[in-house]
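Line order of the protein sequences matches chains D and P. Numbering-wise (numbering that gives the first Met the number 0), the first sequence opens with residue 0 and increments by one. Numbering-wise (numbering that gives the first Met the number 0), the second sequence opens with residue 0 and increments by one.
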Amino acid sequence: MLVGAIGGSVAVAEIVSRPLGIIKWVGLNFRRIGKGFGTKSQVAIVNASYDGDILSPLRTAWDAVDSPSVVGKRVVLKPNIIYNLPGSAINTHPAVIEAAIRLFREKGAKEVIVAEGSAYQRDITDLLYQSGIKQVLNSLNVPFVDLNHDDLVKVPTKGGYNSLDFMWFPKTIAEADLLISMPKMKTHHWASVTLSMKNLYGIVPGIKYGWPKNTLHVTGIEQNITELYETMPPQAAIVDGIVAMEDDGPLFGKPKAAQVLVVGRDLVAVDATCARIMGFEPSKDTAKHIWYAEWLGQGNAAKDKIDQKALPLESVKQDFIPAPKPEDVARY
Amino acid sequence: MNSYAIGNSDDNIRLALDFLVKTQNEDGGWGYKVGGQSFTEATAMALLALFHPIGGGKSNPSPVYAESIQKGLLRLRSDNHSDGGWGIFKDDPFSSWHGFLATWVFNVLLKVPELVTLYSRPEDPDIRNRARGWILSKGREPRSSDKDAVIIKKLFSIDGKIIGFKWGPNSEEAGFVMPTAMAIIALTVEDRLVVADSDVVRESKAYLRNRACPVGGWNIGNPFAYDKQLPPTPDGTSYGLLAFAISLSSSDFGQTTEVLAAVSTLADFVDSSNSDQTVALGTLALRFFPDVGNNTQDKLNAFYNKLRSGRATKDDKPKTTGQTKDGGWANSPFATSLAVLALSDNLYFFDPK
């Protein structure tokens, strides 16, 4: 009977672990158990406005959490730059990028670089001008790296979540001491929300993976988001939620004034916090990649595992209109 | 083949070719930026530029150009995979879209008599044939099932039963506009009159028409997302037009609406662009549609002026940099190669004889 019970347990474990393989699944559970006894993740929420001083609230948020030191480091800022549609809230605002550049220089970074690998066009130059970002970079003498055409480095995947043994990463990313994911807070018709983790798709070079990075969609959105998060250099997040996007995101949604910046070094916790600000609770059905990342032990998504700093979440919570899901559109 | 070039560009081209020679990497290839890693696409475009009669494409070329071409071709031959394709560079074991550009090179190499005499090797026809085979057998996307086609139609308002070519090696990947356009060019250059009317090229052109943006032009290949129009982009539109430029045939008669609309869209993009690369690529595409819509000869001349000097007219403030003192554009062998093809009044790269 005991042998049968053990056999039954192994059989259940094998079925549950199938997406990863049993050995990885066992290791994962040890990591999750370890995390259960670990410290909470710190996430700071502050108010800000594009018309005012953004550096001060950003500094407040950065200092409020367990931010990594940037002294002597090469810091790469990765904003979200996709399209220029007048009146929209698609791209990370140049004022937020400017504030981040100033912050990290103030904190002693050796070098600050802004980099993006836009998914919808090969040549991003005009988009940089139209979005106002180029003018900021010029005024502060900050280089821009087009990640889609950068030199590439072969990087073995660490998580094994996306069935690839290795990926090609832009050299700028592989050699960064710290990568700052700077997304726009938006809804997303496939992923429910696109925040600091989904923003990492933009580091994948189009020169290898195409425009858009279709192979990542084919091999699984959640799997690739979590793999990128795990395989990349140390990160932190600064989310531009000053004017966010609701409804038909990530391109055609309506601007939504959330008036927040959200900062932290655990991107899972940052994204879970942002999702809650937007009125969504990460689960297997909503913002699944956040739930999945927590399940993999990559970070904390549960409310009681997040130490909220500066503003309380309840004071900034809103009700974003969710993006229509593909299956809802396809039904009609 | 209808085409326009401003003329008086020999000096610009010569300086550009010298730039390409100087910026060739030790391994024989070229990158997207000076000193950058060699990539198959950038190498292929540099070779196409260097094939110019002012450079290595005449019967007694300067040894400098000849040697550069030999090194570049050696790079491409070495990187050719056993399946016929090419990876993005020598360390990439998976064949993908860069092979379309490499195939284009071999098709031109094997057609222009001077190039055949000076640079071709006995194995080159086999390389080209296997490359063509790879494009046709592995380069296309899978055809959607009837059920999936219904869903794709609802979500993206496109016909999933018409297939194009894909970026990557994954057999499940979707097709997109730019690789489809590149594949059309790569295949058609071999024999324009025959291939332009082949089933594959005809379906690929039908794919491009189906993926055209309602306002004119192309983006990556999604004219709609749900019921919202996605805007065109200069690169998608340029490559789409280049594909039609090389493959227009009598079978396209009466089906040129998308092409005409794209010309207007691209002219607007080039007019307002701050990017040397966009101006180079856009002018290269627009030169094949002179006097179509708002693409008048005066406008084309303005684009050429902008390409060369960064400004459309003498009185304009520079919007781009134009050709720099080192002979290149945007410190990029890739952008420089595009500029050479745009400026050339010899169509050896599109209509090799």
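For glycine and all other residues, C-beta sits at the position ideal for the given N, C-alpha and C. The model shown is predicted, which means the values in this text are computed figures rather than measured ones.
Going by C-alpha positions, L139 (chain D) is about 49 Å away from R142 (chain P).
In the three-state scheme derived from DSSP, where H, G and I count as helix and E and B as strand, I305 (chain D) is classed as strand. Collapsing the DSSP output to three states places N169 (chain P) in coil. Neighbours of E171 (chain P) across chain D, judged by C-beta separation under 7 Å: V217. By the Cβ neighbour-count rule, N218 (chain P) is buried, with 16 or more other Cβ atoms within 10 Å of its own. Listed as beta-bridge partners of T179 (chain P) by DSSP are no residues whatsoever. In the displayed model, D145 (chain P) falls within a helix according to three-state DSSP. In this structure, the alpha-carbon of N223 (chain D) lies about 31 Å from that of A43 (chain P). If the five residues before and after T277 (chain P) are omitted, its C-beta is found closer than 6 Å to the C-beta atoms of P233, all from its own chain and listed in chain order. Secondary structure within the segment 50-116 of chain D: the beta strand (DSSP E) runs of 3 or more consecutive residues, fully enclosed, are 73-78, 110-115 (chain order). Going by C-alpha positions, V42 (chain D) is about 12 Å away from V259 (chain D). Put simply, the backbone Cα of K204 (chain P) is about 23 Å away from that of Y208 (chain D). Unbroken alpha helix (DSSP H) runs of no fewer than 4 residues, entirely contained in the segment 195-280 of chain P, are found at 198-209, 233-246, 256-271, following chain order. In this structure, DSSP gives R264 (chain D) a state outside helix and strand, which the three-state scheme calls coil. For I44 (chain D), the secondary structure class from DSSP, reduced to helix, strand or coil, is strand. Rounded to whole angstroms, the gap between the alpha carbons of I220 (chain D) and D52 (chain D) is 36 Å.
Counting the other CB atoms within 10 Å of its CB gives S272 (chain P) a total of 16 or more, which places it among the buried residues.
Minimum Cα-Cα distance from M277 (chain D) among the listed residues D:K183, D:T214, D:D62, D:Y82 corresponds to D:K183. Contact of Y31 (chain P) with chain D is assigned, a C-beta pair being separated by under 9 Å.
Ranking D:I289, D:V262, D:Y291 by CA distance to the CA of D306 (chain D) puts D:V262 first. At least one C-beta of chain P is nearer than 9 Å to the C-beta of P325 (chain D).
Beta-carbon to beta-carbon, S282 (chain D) and W294 (chain D) are separated by about 11 Å, too far to satisfy the 8 Å threshold. Only residues of its own chain outside the window of five on either side were considered, and among them I241, V242, A243 have a CB closer than 8 Å to the CB of A256 (chain D), listed in chain order.
Contact with chain P is absent for D164 (chain D), since none of that chain's Cβ atoms lies less than 9 Å from the residue's Cβ. Counting only the Cα atoms, P155 (chain D) lies some 4 Å from F165 (chain D). Within the segment 214-253 of chain D, the runs of beta strand (DSSP E) at least 3 residues long that lie entirely inside it are, in chain order, 234-245. Y49 (chain D) counts as exposed, since fewer than 16 other beta carbons sit within 10 angstroms of its beta carbon. Leaving aside the five residues that flank E122 (chain P) on each side, the residues in its chain whose CB is nearer than 8 Å to its CB run, in chain order, R76.
Rounded to the nearest angstrom, the gap between the Cα atoms of A235 (chain D) and D270 (chain P) is 40 Å.
DSSP places I134 (chain P) inside the alpha helix (DSSP H), whose first and last residues are 123-137. K302 (chain D) and G174 (chain P) have their C-alpha atoms roughly 42 Å apart. Here G37 (chain D) is exposed. Its C-beta has fewer than 16 other C-beta atoms within 10 Å. At a cut-off of 3 residues, not a single continuous stretch assigned as beta strand (DSSP E) sits fully inside the segment 279-332 of chain P. Within chain P, no residue has its beta carbon less than 8 Å from that of L227 (chain D); the closest one is some 17 Å off. The beta-carbon distance between E115 (chain D) and K170 (chain D), rounded to whole angstroms, is 15 Å. This is too long to meet the 8 Å contact definition.
DSSP, read as helix, strand or coil, puts G174 (chain P) in strand.
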